[in-house]
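Residue numbers (this note's numbering), protein chains in the order written: chain A, 1 to 370; chain B, 371 to 740.
Protein chains: 2
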Amino acid sequence: MLLSERSEVAGVFTRNRFCAAPVLVCRQHLKGSARMRALIVNTGNANAGTGEAGLRDARATCSEVARLTGIEPNQVLPFSTGVIMEPLPLQRLLSALPACVKDLAEDSWLDAAEAIMTTDTVPKAVSRQVNVDGVTITVTGIAKGAGMIHPNMATMLGFIATDASVEAPLLQKMVREAADRSFNAITVDGDTSTNDSLVLIATGEVGGRIEREGSNQYIALRGAVTQVATSLAQAIVRDGEGATKFITIRIEQGHTHDECRRVAFAIAHSPLVKTAFFASDPNLGRILAAIGYAGVEDLDVSLIAMYLDGIRVVKDGGRDPEYREEQGQAVMKRDEITIRVELGRGEATATVWTCDLSHDYVTINAEYRT
Amino acid sequence: MLLSERSEVAGVFTRNRFCAAPVLVCRQHLKGSARMRALIVNTGNANAGTGEAGLRDARATCSEVARLTGIEPNQVLPFSTGVIMEPLPLQRLLSALPACVKDLAEDSWLDAAEAIMTTDTVPKAVSRQVNVDGVTITVTGIAKGAGMIHPNMATMLGFIATDASVEAPLLQKMVREAADRSFNAITVDGDTSTNDSLVLIATGEVGGRIEREGSNQYIALRGAVTQVATSLAQAIVRDGEGATKFITIRIEQGHTHDECRRVAFAIAHSPLVKTAFFASDPNLGRILAAIGYAGVEDLDVSLIAMYLDGIRVVKDGGRDPEYREEQGQAVMKRDEITIRVELGRGEATATVWTCDLSHDYVTINAEYRT
Numbered sequence: 001m002l003l004s005e006r007s008e009v010a011g012v013f014t015r016n017r018f019c020a021a022p023v024l025v026c027r028q029h030l031k032g033s034a035r036m037r038a039l040i041v042n043t044g045n046a047n048a049g050t051g052e053a054g055l056r057d058a059r060a061t062c063s064e065v066a067r068l069t070g071i072e073p074n075q076v077l078p079f080s081t082g083v084i085m086e087p088l089p090l091q092r093l094l095s096a097l098p099a100c101v102k103d104l105a106e107d108s109w110l111d112a113a114e115a116i117m118t119t120d121t122v123p124k125a126v127s128r129q130v131n132v133d134g135v136t137i138t139v140t141g142i143a144k145g146a147g148m149i150h151p152n153m154a155t156m157l158g159f160i161a162t163d164a165s166v167e168a169p170l171l172q173k174m175v176r177e178a179a180d181r182s183f184n185a186i187t188v189d190g191d192t193s194t195n196d197s198l199v200l201i202a203t204g205e206v207g208g209r210i211e212r213e214g215s216n217q218y219i220a221l222r223g224a225v226t227q228v229a230t231s232l233a234q235a236i237v238r239d240g241e242g243a244t245k246f247i248t249i250r251i252e253q254g255h256t257h258d259e260c261r262r263v264a265f266a267i268a269h270s271p272l273v274k275t276a277f278f279a280s281d282p283n284l285g286r287i288l289a290a291i292g293y294a295g296v297e298d299l300d301v302s303l304i305a306m307y308l309d310g311i312r313v314v315k316d317g318g319r320d321p322e323y324r325e326e327q328g329q330a331v332m333k334r335d336e337i338t339i340r341v342e343l344g345r346g347e348a349t350a351t352v353w354t355c356d357l358s359h360d361y362v363t364i365n366a367e368y369r370t
Numbered sequence: 371m372l373l374s375e376r377s378e379v380a381g382v383f384t385r386n387r388f389c390a391a392p393v394l395v396c397r398q399h400l401k402g403s404a405r406m407r408a409l410i411v412n413t414g415n416a417n418a419g420t421g422e423a424g425l426r427d428a429r430a431t432c433s434e435v436a437r438l439t440g441i442e443p444n445q446v447l448p449f450s451t452g453v454i455m456e457p458l459p460l461q462r463l464l465s466a467l468p469a470c471v472k473d474l475a476e477d478s479w480l481d482a483a484e485a486i487m488t489t490d491t492v493p494k495a496v497s498r499q500v501n502v503d504g505v506t507i508t509v510t511g512i513a514k515g516a517g518m519i520h521p522n523m524a525t526m527l528g529f530i531a532t533d534a535s536v537e538a539p540l541l542q543k544m545v546r547e548a549a550d551r552s553f554n555a556i557t558v559d560g561d562t563s564t565n566d567s568l569v570l571i572a573t574g575e576v577g578g579r580i581e582r583e584g585s586n587q588y589i590a591l592r593g594a595v596t597q598v599a600t601s602l603a604q605a606i607v608r609d610g611e612g613a614t615k616f617i618t619i620r621i622e623q624g625h626t627h628d629e630c631r632r633v634a635f636a637i638a639h640s641p642l643v644k645t646a647f648f649a650s651d652p653n654l655g656r657i658l659a660a661i662g663y664a665g666v667e668d669l670d671v672s673l674i675a676m677y678l679d680g681i682r683v684v685k686d687g688g689r690d691p692e693y694r695e696e697q698g699q700a701v702m703k704r705d706e707i708t709i710r711v712e713l714g715r716g717e718a719t720a721t722v723w724t725c726d727l728s729h730d731y732v733t734i735n736a737e738y739r740t
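Structure follows, in structure tokens:
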């Protein structure tokens, strides 16, 4: 992907300590003073756990892209996704670059979304327009990722661009805020990848420059970026490896947002909860158990209520006397289900999106490399 | 299970905030001054998430056991395992009790081990003898548990008895220490149950009274109890739902025992690592990724080495140049595999036992209630 000269670029990256060589290179290039002009993505090999050789390979890729496009190597951001701990097949990658550069086109978003797929079954691309001070701003994004999905970030690569004009420090703030409400609120399998990257590009071709954090313009654009990021993140969950159901977990009445997130992720990560959803079995006790071990030490379980798509199933910490198994059965058969939990301890909330754990998840991941 | 009059009893229980009614009753009875004389276990229903009614049912069970055996209700410890959040079928349970009491016999350990099975495929019973001051002491234990297995404790019920004589506070210390090295070092699916209970009984029929923590007698007996507990805990992992492989994860050269445990459990809980083991696929990068997201913030990955059954696969944080894929393949085909990781930051160690994630895990848990 080539960026126009005026573009500002910001990014957030995995917190995995074994982060991939391209992530290290991206961080380094973004810290420098050069303007980013190109993004290069390879799939099939993560270039992670590859030590010094991996770094050399990532830099060699940047150099070749720079040579072919007439920019500097430190203006290139590299991204990789695929198998970890195997050497990057550098020669194959380099020999394919001239054709890639030749094929560059302004309307290739969907082609790019398809090109970066790994175990994804559908390409993920979203576009929104928002009116800022009478000017129509476009925000378009693509993403990939279907397994090893957990904040921070999901195993995913995400690229979002807008034609708005935004100062670099504000753009960095915006991408962090958008990530926290989207990619950092999803999980497929609880595995945080070595390669997660989300990049936000502002080409600055439309409208006035956004320079102030609290301004209406900033808030409007952040809203659009967050919407695009959330749609992409939810698309990743819907396409989660082997997923048959899309589950929204909403925790309310918590003491802090952080404890709400912990409870939500405890539910979202429980293999027992996930297999029950796969089986359309309202085995609600498994959800209660996950709430109980989420690490909220002073939780008073007798205050807890739980709803399944609006049906109250738990009241005062126990089964709601009015709840009938048939009601739970009916909800569990749906493709999209919302679990809402009231903790009865405060005003904080959190929402997390996840999917079920199916036979296909095991099949896909048992056979990934073969 | 009826205990002789002089028996001392100690126990450790789940830390799940949604702990089951029988766990609450056990804790209450053990805190009191009465001597425990009977243990009653039901399977199929966990009596958890059942609120006040669940507590009444657990107490009613104790009362009926007491009436039938001529002891007091607060001398009875109740245990339940099974589906959460469904009312205990109290009448069925009570009507079965007279036959249970009539069948009590001193040599029924194996019958009991069979009776408490749920999704277990084999009964779990272990016995060891140890010489303490010239006297032969016997330690015998049974356990159940195959899913919802994670500290603290595993989803499991464990009952260990010795004919040694031990003061109550020392016995409580001993059961805690034995649990930490055994049941609290295993995981099948990372789900901490609402009902976990481990009870240690000392009938006091053999040998002198053990009264001092640092004494040779204490250490010898604790060793035997820990051995029995470890054998039972490992048997639970071997019989983990759908398990086809037994995996030992040994973390060395950590800064603290706690961080070693965190790294070990990050590996042990990763669905991607577990499915790779199921597939006998040396997809070692998934293990590196888990080490990287285990939450050791200042981890220097360039110091890390990793061994698969003695074969060094990672050196200086990257693939060992001498490692060949065929070597990894050969190890991964084994039924028992040890992953050893050197963190290169200190002297601490931790060991955790787990199993793989197979199609059968999904099948068993998707169909558990049907």
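Ideal Cβ placement from N, Cα and C applies to all residues, glycine included.
So, are the CB atoms of residue i and residue j less than 9 Å apart?
i             : j             : result
residue 291/A : residue 383/B : no
residue 79/A  : residue 197/A : yes
residue 610/B : residue 725/B : yes
residue 318/A : residue 338/A : no
residue 119/A : residue 85/A  : no
residue 161/A : residue 3/A   : yes
residue 576/B : residue 618/B : no
residue 54/A  : residue 10/A  : no
residue 386/B : residue 564/B : yes
residue 294/A : residue 265/A : yes
residue 458/B : residue 417/B : yes
residue 620/B : residue 711/B : yes
residue 598/B : residue 498/B : yes
residue 483/B : residue 513/B : yes
Which chain B residues are close to residue i, counting only those with a beta carbon under 7 Å from its beta carbon?
i             : result
residue 16/A  : 659, 662 and 663
residue 193/A : 659
residue 139/A : What residue 139/A touches in chain B: nothing, since even the nearest Cβ is about 30 Å away.
Per DSSP, residue i is paired with what?
i             : result
residue 630/B : Paired residue(s): none; residue 630/B is not in a bridge.
residue 109/A : Per DSSP, none; premise fails for residue 109/A.
residue 131/A : 136/A
residue 451/B : 413/B and 415/B
residue 197/A : 13/A and 157/A
residue 270/A : In the DSSP output, where bridge partners are listed per residue, residue 270/A has none listed.
residue 124/A : 143/A
residue 676/B : 684/B and 711/B
residue 619/B : 709/B and 722/B
residue 572/B : 378/B and 532/B
residue 186/A : 353/A
residue 390/B : Answer by DSSP bridge pairing: none, since residue 390/B is not bridged.
For a contact defined as C-beta to C-beta under 7 Å, what are the partners of residue i on chain A?
i             : result
residue 737/B : 279
residue 671/B : 17 and 18
Listing by chain order, which chain A residues have their CB less than 8 Å from the CB of residue i?
i             : result
residue 631/B : What residue 631/B touches in chain A: nothing, since even the nearest Cβ is about 15 Å away.
residue 655/B : 46, 48, 49, 83, 84, 85, 86 and 194
residue 701/B : The premise fails here: residue 701/B is roughly 15 Å from chain A at the closest Cβ pair, so nothing lies under 8 Å.
Mind pulling the chain A residues with CB within less than 9 Å of residue i?
i             : result
residue 698/B : Residues of chain A passing the Cβ test: none, with the nearest at roughly 10 Å.
residue 374/B : What residue 374/B touches in chain A: nothing, since even the nearest Cβ is about 35 Å away.
Given that residue i touches chain B, what residues does it touch there, using C-beta distances under 9 Å?
i             : result
residue 358/A : 732 and 736
For the stretch 226 to 259 of chain A, list every residue whose C-beta sits within 8 Å of some C-beta in chain B, in sequence order. Those residues of the stretch 226 to 259 of chain A that come within reach of chain B (Cβ to Cβ, closer than 8 Å) do not exist; the list is empty.
When the Cβ atoms of the stretch 337 to 351 of chain A are set against those of the stretch 250 to 267 of chain A, are three or more pairs found closer than 8 Å? Taking a contact to require three or more Cβ pairs closer than 8 Å, the stretch 337 to 351 of chain A and the stretch 250 to 267 of chain A qualify as touching.
Any 3 or more C-beta pairs closer than 8 Å across the stretch 646 to 665 of chain B and the stretch 71 to 78 of chain A: No, because fewer than three Cβ pairs between the stretch 646 to 665 of chain B and the stretch 71 to 78 of chain A fall closer than 8 Å, the two stretches do not touch.
Report the residues of the stretch 83 to 96 of chain A with a CB closer than 8 Å to any CB of chain B, ordered along the chain. Look at the stretch 83 to 96 of chain A: the residues with a C-beta under 8 Å from a C-beta of chain B are 83, 84, 85, 86 and 87.
Interfacial residues, the stretch 407 to 431 of chain B to chain A, with Cβ spacing under 9 Å: Across the stretch 407 to 431 of chain B, CB contacts with chain A closer than 9 Å involve 416, 418, 419, 420, 421, 422, 423 and 424, in sequence order along the chain.
Cβ contact check for the stretch 39 to 48 of chain A and the stretch 224 to 242 of chain A: 3 or more pairs under 8 Å: No: fewer than three Cβ pairs fall under 8 Å.
Three CB pairs or more closer than 8 Å across the stretch 633 to 644 of chain B and the stretch 584 to 600 of chain B: Because the criterion of three Cβ pairs below 8 Å is not met, the stretch 633 to 644 of chain B and the stretch 584 to 600 of chain B do not touch.
Contact set between the stretch 685 to 696 of chain B and chain A, restricted to residues whose Cβ is under 7 Å from the partner: Taken in chain order, the members of the stretch 685 to 696 of chain B whose beta-carbon sits within less than 7 Å of a beta-carbon on chain A are 686, 687, 688 and 689.
Touching by the beta-carbon criterion (3+ pairs, under 8 Å), the stretch 486 to 504 of chain B and the stretch 540 to 553 of chain B: These segments do not touch.
When you check each C-beta in the stretch 392 to 404 of chain B against every C-beta of chain A, which residues fall closer than 9 Å? Nothing from the stretch 392 to 404 of chain B brings a Cβ to less than 9 Å from some Cβ of chain A.
Which of the residues in the stretch 483 to 507 of chain B, read from start to end, lie with their CB under 9 Å from any CB of chain A? Here the close residues number zero.
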